[in-house]
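Read the structure below first, then the notes.
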Amino acid sequence: MHIQIVLFDGFDPLDVVAPYEVLHAGGTASDGAVTVELVSAEGPREVVSGTGGLVLRATGLLDPERADMILVPGASGRVGEPGELPGEEAGAGEWEQDAFVPVLLGRTLTTELPALLARAMDDPAVTVAAVCGGSLVLAMAGLLEGRHATTHHLGLDMLDATGAHAIRARVVDDGDLITGAGVTSGLDLGLYLLERELGPRVAHAVEELFAHERRGTVWRARGQVPTAL
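If you want it as structure tokens, here you go:
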């Protein structure tokens with residue numbers, strides 16, 4: 415299984431590095447059954463994150479025809495005070511350090527990323543995953559209408575407003591769409607992906623290596639609907 419993790423200007427480093435390390439370790443523990451690479455919609459390039467100017471290098475082009483799974487991170491930037499609004503429209507202007515997170519996410523819409531993600535979402539052989547605001551990248555591109563997904567708790571209302579079914583859960587499995595909530599959920603998402611694709615023994619081995627116990631129940635649209643508690 416080949417996994418491509420997407421980089422875009424202003425990405426959140428932990429959204430990328432946490433699942434990358436988990437999935438890479440899973441590949442090691444499974445004799446190469448999983449491979450992971452960092453990509454961008456523009457191809458190989460240096461990509462500046464939204465955290466302190468940290469740079470990671472995309473070594474390849476995002477290619478839905480070559481990937482079995484594509485993982486989209488969120489952005490790192492200003493959250494703002496309650497009720498504070500960005501001073502510019504999402505998608506406008508050039509990327510800059512400390513921009514509002516919705517602005518950074520919105521600027522992905524001006525790149526080739528939405529079209530490439532749409533191709534991936536239309537291909538039943540490709541699983542799309544997202545961490546934190548990565549779900550909002552997909553939602554703002556019009557790709558999550560009617561789908562169950564989660565994101566950072568501050569973005570759940572925005573996610574719901576796009577027509578997605580926003581779920582307040584650590585990880586949501588909606589078949590070929592798997593999403594994680596807050597930033598550190600990338601660890602839990604990565605471990606769940608290993609369990610789902612390779613089985614619990616590989617996932618458990620990586621969980622022990624990282625000394626991290628997964629949090630929360632993976633939400634799926636199965637089983638009895640709960641009554642009010």
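For the working numbering, add 414 to where a residue sits in the sequence shown, where the first one is 1. Where is the CB? At the ideal position from N, CA and C, for every residue including glycine. If you're wondering where the values come from, they're calculated on a predicted model, not measured in any experiment.
Query, Result
"Would you list the residues sitting across from Met535 in a DSSP beta bridge?", "None; Met535 has no bridge partner."
"Would you tell me roughly how many angstroms separate the C-alpha atoms of Asp445 and Arg610, rounded to the nearest one?", "17 Å"
"In its own chain, which residues sit with a C-beta less than 7 Å from the C-beta of Leu530, not counting the 5 before and 5 after it?", "Ala455, Leu476 and Pro478"
"Using C-beta distances below 7 Å, list every residue in its chain close to Val620, excluding the 5 sequence neighbours before and after it, in chain order.", "Val436, Ala439, Gly440, Ala443, Leu605 and Leu608"
"Can you look up Asp587 in the DSSP assignment and give me helix, strand or coil?", "strand"
"By Cβ distance, which residues of its chain are closer than 6 Å to Ile592, with the 5 residues on each side in sequence left out?", "Ala543"
"With H, G and I counted as helix, E and B as strand and the rest as coil, what does DSSP make of His562?", "strand"
"Do the stretch 517-528 and the stretch 418-436 meet, that is, are 3 or more Cβ pairs less than 8 Å apart?", "yes"
"Which residues in the same chain as Pro427 place their Cβ atom closer than 6 Å to its Cβ, once the five residues preceding and following it in sequence are excluded?", "Ser463, Thr465 and Leu468"
"So, helix, strand or coil for Met483, using DSSP?", "strand"
"Please report the residue range of the alpha helix (DSSP H) in which His618 lies.", "Pro614 to Phe624"
"What separation, rounded to the nearest whole angstrom, lies between the Cα atoms of Glu503 and Asp571?", "At Glu503, the pLDDT of 49 sits below 50, so the modelled position is not reliable; the number obtained from the coordinates is stated separately. Straight-line Cα distance between these residues: approximately 18 Å."
"Since Val461 contacts Ala472 with CB under 8 Å, what's their CB separation in whole angstroms?", "6 Å"
"Would you kindly work out how many angstroms separate the C-alpha atoms of Gln418 and His566, rounded to a whole number?", "22 Å"
"Where Ala539 and Ala532 are concerned, what is the direct C-alpha to C-alpha distance, given to the nearest angstrom?", "13 Å"
"In chain order, what residues of the same chain lie with their CB nearer than 6 Å to the CB of Glu559, ignoring the 5 residues before and after it?", "Gly577"
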